[in-house]
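Participant:
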Amino acid sequence: AVQWPVMVVVVMMGAAVASVGADMDADRSECAEQLVGLAPCLQYVQGQARSPAPDCCGGLSQVLDKSPKCLCVLVKDKDDPNLGIKINASLALALPSACGNTKANVSHCPQLLHLPPNSKDAAIFSPGGDKGTAAAPAR
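Straight run, no breaks: the sequence shown in the working numbering ends on number 172.
1. Kindly indicate the opening and closing residues of the alpha helix (DSSP H) around Asp88.
2. Put Gln81 into one of helix, strand or coil per three-state DSSP.
3. Val85 to Leu146, Cα distance in whole Å?
4. Can you give me the C-alpha to C-alpha distance between Thr135 and Val96, rounded to a whole angstrom?
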């Protein structure tokens, strides 16, 4: 069963993903519905769980199968105040690995999102890049 706070966050994520930006508008609208499947991952990407829940990994697999750039959109928009939540970019980028998904390659995110290679937004996806909110995973 979906908990009320999770549903509110999912709706807020959808609204944030569906709003703002130029080139990102199409990506956000394409990904809004798919990112709902990542709702079970919120505790992990916020640093409140040590590992992703099984239903998180199932949702991630579906998102990556339909559109790999949707995880990239979520990470890129991690600091968007409309999101209403804080996402640890390092944990979000590690999500495919934590779920045992070997198909995802987050180093392709700048190309998938059409970001200039040396931009601050592209740096998020490179090793040692600006990952923003630095909450450690729960123990």
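C-beta atoms are modelled at their ideal positions from N, C-alpha and C, and glycine is treated no differently.
Facilitator: On the basis of the coordinates in this document:
1. 87-99
2. DSSP, read as helix, strand or coil, puts Gln81 in coil.
3. The sequence given here places Pro at residue 85; Val does not occur at that position. If I take the Cα positions, the gap works out to 25 Å.
4. 14 Å
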